[in-house]
Amino acid sequence: AQTVTQSQPEMSVQEAETVTLSCTYDTSENNYYLFWYKQPPSRQMILVIRQEAYKQQNATENRFSVNFQKAAKSFSLKISDSQLGDTAMYFCAFTPFTGNQFYFGTGTSLTVIP
Amino acid sequence: DGGITQSPKYLFRKEGQNVTLSCEQNLNHDAMYWYRQDPGQGLRLIYYSQIVNDFQKGDIAEGYSVSREKKESFPLTVTSAQKNPTAFYLCASSRASRVTNSYNEQFFGPGTRLTVL
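If you're matching them up, the sequences are chains A and B in order.
This note's numbering applies: residue 1 is where the first sequence begins, and numbers increase by one.
This note's numbering applies: residue 115 is where the second sequence begins, and numbers increase by one.
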């Protein structure tokens with residue numbers, strides 16, 4: 001069975017500081033994709049960053065980067081220079097290369113404090 | 115612009131009524147999904163479809179039904195058998211076949227908020 005675990009229900013960070021959100025997953029698949037989605041108060045789900053498991057290099061998108069540790073099955077999200085607009089619920093997600101189901105964590109609610 | 119539309123944005127239902135939530139995509143995706151989201155919780159899969167005229171139950175399919183007559187459309191019916199239907203419903207789509215170095219993530223619609231009166 002595939003599972004995704006986010007152990008931090010709520011987090012807060014001061015504006016302009018850096019914060020790291022944790023995600024672990026469990027799978028027997030060797031090739032898969034990992035994602036971080038952001039859900040702001042509007043509730044529109046927005047893709048933040050994605051990582052392909054066969055790529056060792058950590059993905060980066062502007063202020064967002066990941067620390068992908070395949071052996072440890074860990075996929076944390078680092079947000080640098082936090083902005084007020086980063087306040088949202090963040091979901092970690094996994095999908096195997098074969099098959100079409102997506103598996104989501106329960107989310108981390110991030111608040112950026114001015 | 116390509117994307118996913120859901121309608122209506124807000125929906126009110128009386129107890130005992132069936133209601134249908136619309137989901138349309140013009141991304142040429144084969145796979146489509148319905149999720150339910152309750153306050154403070156993650157996404158729970160209701161149904162998904164990988165191809166026209168075929169769909170599979172997710173984790174919480176009881177009280178819901180779907181159809182997939184066209185590639186672009188995947189409507190969800192909330193039946194009177196669903197005992198606690200008040201929730202936020204999200205529709206998503208993705209490629210059905212995986213392509214390396216390509217986009218394989220899910221794209222989401224804006225959601226429908228269903229309230230039972």
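Built from N, CA and C at the ideal position, the CB exists for glycine as well.
Since the model is a prediction, treat every value here as computed from it, not as a measurement.
Exercise. Note down, in chain order, all residues in the segment 84-106 of chain A with a beta-carbon under 8 Å from any beta-carbon belonging to chain B.
Key: F91, A93, T95, F97, T98, N100, Q101, F102, F104, G105, T106
Practice problem: Name the two residues that bound the continuous beta strand (DSSP E) containing A:P96. | Solution: 88-96
Quiz item: At a cut-off of 8 Å, is B:L157 close to the ligand MG when judged by its beta-carbon and the heavy atoms of the ligand?
Solution: Annotation note on the ligand MG: not contained in the displayed structure, which lists no ligands.
Practice problem: Give every residue of the same chain whose Cβ lies closer than 7 Å to the Cβ of A:G107, excluding the five residues on either side of it in the sequence, and list them in chain order. | Solution: Q6, M89, Y90, F91
Self-check item: Beta-carbon proximity list for A:M11, same chain, < 8 Å, skipping 5 on both sides
Solution: V19, L21, T108, S109, L110, T111
Exercise. Measure the CB-CB distance between A:G99 and A:P40 and report whether it falls below 9 Å.
Key: no
Exercise. Let me know if A:I46 comes out buried or exposed under the rule of 16 or more other beta-carbons within 10 Å of its beta-carbon.
Key: exposed
Quiz prompt | Identity of the residue in A:E17, A:A16, A:R43, A:R50 nearest A:Y32 by Cα | solution = A:R50
Quiz item: Since A:Y25 meets chain B, which of its residues come closer than 8 Å, beta carbon to beta carbon?
Solution: Those within 8 Å of A:Y25 in chain B number zero; the least Cβ separation is about 14 Å.
Quiz item: Is the shortest distance between the beta-carbon of B:G116 and the beta-carbons of chain A less than 9 Å?
Solution: no
Quiz item: How far does the beta strand (DSSP E) with B:R127 in it reach, from first residue to last?
Solution: 124-127
Exercise. Check the Cβ-Cβ distances between A:F64 and every residue of chain B, and say whether any is below 9 Å.
Key: no
Quiz item: Span of the beta strand (DSSP E) holding A:L110?
Solution: 108-113
Quiz item: Applying a beta-carbon distance threshold of less than 7 Å, which residues of chain B neighbour A:M11?
Solution: Neighbours of A:M11 on chain B: none; closest Cβ ~14 Å, over 7 Å.
Exercise. Measure the beta-carbon distance from A:A53 to A:L34 and round it to whole angstroms, keeping in mind my assumption that it falls under 8 Å.
Key: 7 Å
Practice problem: Check the Cβ-Cβ distances between A:S47 and every residue of chain B, and say whether any is below 9 Å. | Solution: This sequence places Leu at residue 47 of chain A; Ser is not what is there. At least one chain B Cβ lies under 9 Å of A:L47.
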